[in-house]
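Before any comments, here is the structure.
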Amino acid sequence: MLAIGGSICALATPYRADGAIDLAAFGRLLDHQLDGGTQAVVVAGSTGEAHLLEGDEFERLLGFALEHVAGRVPVIAGTGDAATAKALAATRRAAALGADAALVVAPYYVRPTQEGLRRHFLEIAERAGLPIIVYNVPSRTGCDLQPATVAALRDHPRIVGIKEACGSVERIHALAELARGDFVYLSGDDGSAGAAMLAGAAGTVSVVANLLPRRFRTWCDAAIGGDAVAAAEQEAAFVPLLQALACAPNPIAVKAGLSMLGLGSAALRLPLLELQAGPERDRLRKTLSALASPALSATA
């Protein structure tokens, strides 16, 4: 059985000055994660600007990650789409490349019913040939995968977990009750990750882990281990950074932070724009500098 849990990084996708994917920087980011104790990585998720990738870029990015990681941790491919057929095709491509699992976001924009969501995920699980982690993030998709629907999906042998980014106390406890040996609950919201893991989440798919993987792993270990005091201490240290990252839609600020760490440029693709010089960028640099070692790049 595939073991997925702990500190999981939703990787950003770095670009070169000409707009092409920067695989050299992506390799540095992967090494940063592996050296920091990250326990799985997500390639081409929402933090990785999945829906802005073109042509064969998904395959190039995922293939590079699989070769670079070389089995040291699970590599999870983001394969969600608004159309079931497109999500199925992307998941099959990920399976052919050798991904360990697929993270499949609820269909965005089209706003399906709960029965539509159930059939969407079952179709992919039946036909794609990969373990599936369903992903609920209502703020981005416009629909909300309810716990009752999750309960109906978890009995499929290839649906192995849920990443939940809703973050409410009620949702945390409802999903924690659904977790079992063959179905994991993962937090998808850094702001409520500590509470989720203390309540029973097996780990967190994190944005901030891009920047501070070792410290985030320490936080996860404490919370998953039930050490509420140590988890609270780690969370308190992260709060200023999480607040600084909230100044712009993800992944704008985290890519600015990565550029400060020398782990790629801050470049994004339209319609996303870089975090500009000013109070918000200064706040991000200050809070990241207080936590990061070695010192930040002076030119980023």
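If you number the sequence shown the way numbering that gives the first Met the number 0 does, the last residue is 299 and the count never jumps.
Even glycine gets a Cβ: it sits at the ideal position worked out from N, Cα and C.
Only a predicted model underlies this, so the values are computations on that prediction, with no experimental measurement involved.
Between residue i and residue j, is the Cβ-Cβ spacing less than 8 Å?
| i | j | result |
| --- | --- | --- |
| Ile7 | Val40 | yes |
| Ala194 | Cys142 | no |
| Glu58 | Leu116 | no |
| Gly166 | Leu241 | no |
| Gly4 | Gln38 | yes |
| Ala98 | Leu129 | yes |
| Leu197 | Ala227 | yes |
| Leu274 | Arg282 | no |
According to DSSP, is residue i helix, strand or coil?
| i | result |
| --- | --- |
| Asn249 | coil |
| Ala9 | strand |
| Leu274 | coil |
| Leu267 | coil |
| Leu174 | helix |
| Thr302 | There is no way to answer for residue 302, as the model of the chain reaches only from 0 to 299. |
| Arg33 | Residue identity check: residue 33 is Leu in the sequence provided, not Arg. Helix, per DSSP. |
| Gly115 | helix |
| Ile161 | strand |
| Asp281 | helix |
| Gly71 | The question names Gly, but residue 71 is Arg in the sequence shown. Note: Arg71 maps to coil in three-state DSSP. |
| Ala82 | coil |
| Arg300 | Because the chain is modelled from 0 through 299, residue 300 falls outside the range shown and cannot be assessed. |
| Ser296 | Bear in mind that a pLDDT of 48 at Ser296, under 50, signals an unreliable position, so the number given afterwards is only what the model happens to contain. Three-state DSSP puts Ser296 in coil, outside helix and strand. |
| Ala4 | Correcting the residue identity first, residue 4 is Gly in this sequence and not Ala. The answer is coil: DSSP assigns Gly4 none of H, G, I, E or B. |
| Leu102 | strand |
| Ser258 | helix |
| Gly225 | coil |
Determine the closest residue to residue i out of the options, with distance taken between C-alpha atoms.
| i | options | result |
| --- | --- | --- |
| Gly62 | Ala94, Phe120, Leu177, Ala276 | Ala94 |
| Ala200 | Ile3, Ala175, Ala164 | Ala175 |
| Arg268 | Ile3, Ala2, Ala19 | Ala19 |
| Ser264 | Ile3, Gly4, Arg27, Ala2 | Arg27 |
| Leu287 | Gly261, Ala81, Val109 | Gly261 |
| Arg179 | Asp188, Gly187, Val207, Val149 | Val149 |
| Ile132 | Leu177, Arg139, Tyr184 | Tyr184 |
| Val72 | Pro137, Gly54, Tyr108, Leu1 | Leu1 |
| Val168 | Ala84, Ala192, Ala151 | Ala192 |
| Asp80 | Leu65, Thr203, Leu290, Leu102 | Leu102 |
| Gly162 | Leu272, Arg280, Leu274, Asp188 | In the sequence as presented, Gly is not what sits at residue 162; that position holds Lys. Here the closest residue by C-alpha is Asp188. |
| Gly36 | Gln145, Leu210, Pro239 | Leu210 |
On the CB-based measure, 16 or more other CB atoms within 10 Å of its CB, does residue i come out buried or exposed?
| i | result |
| --- | --- |
| Lys285 | exposed |
| Leu29 | buried |
| Ala243 | buried |
| Glu234 | buried |
| Ser205 | buried |
| Tyr134 | buried |
| Ala297 | Bear in mind that a pLDDT of 45 at Ala297, under 50, signals an unreliable position, so the number given afterwards is only what the model happens to contain. Flag for Ala297 reads exposed. |
| Leu257 | buried |
| Gly44 | buried |
Quiz item: Would you call the segment 65-79 and the segment 87-106 touching, i.e. three or more CB-CB distances under 8 Å?
Solution: In short, these stretches touch, since the Cβ pair count reaches three.
Quiz item: Would you say the segment 221-231 touches the segment 250-270, given that touching needs at least three Cβ pairs under 8 Å?
Solution: Flag = no, the segment 221-231 and the segment 250-270 do not touch.
Exercise. Please confirm if the segment 13-21 is in contact with the segment 162-172, defined as three or more CB-CB distances below 8 Å between the two stretches.
Key: As far as the Cβ criterion goes, the segment 13-21 does not touch the segment 162-172, which means the pair count is below three.
Quiz item: Can at least three beta-carbon pairs, one atom from the segment 123-139 and one from the segment 153-160, be found at a separation below 8 Å?
Solution: The segment 123-139, when compared against the segment 153-160, does touch it at the 8 Å Cβ threshold.
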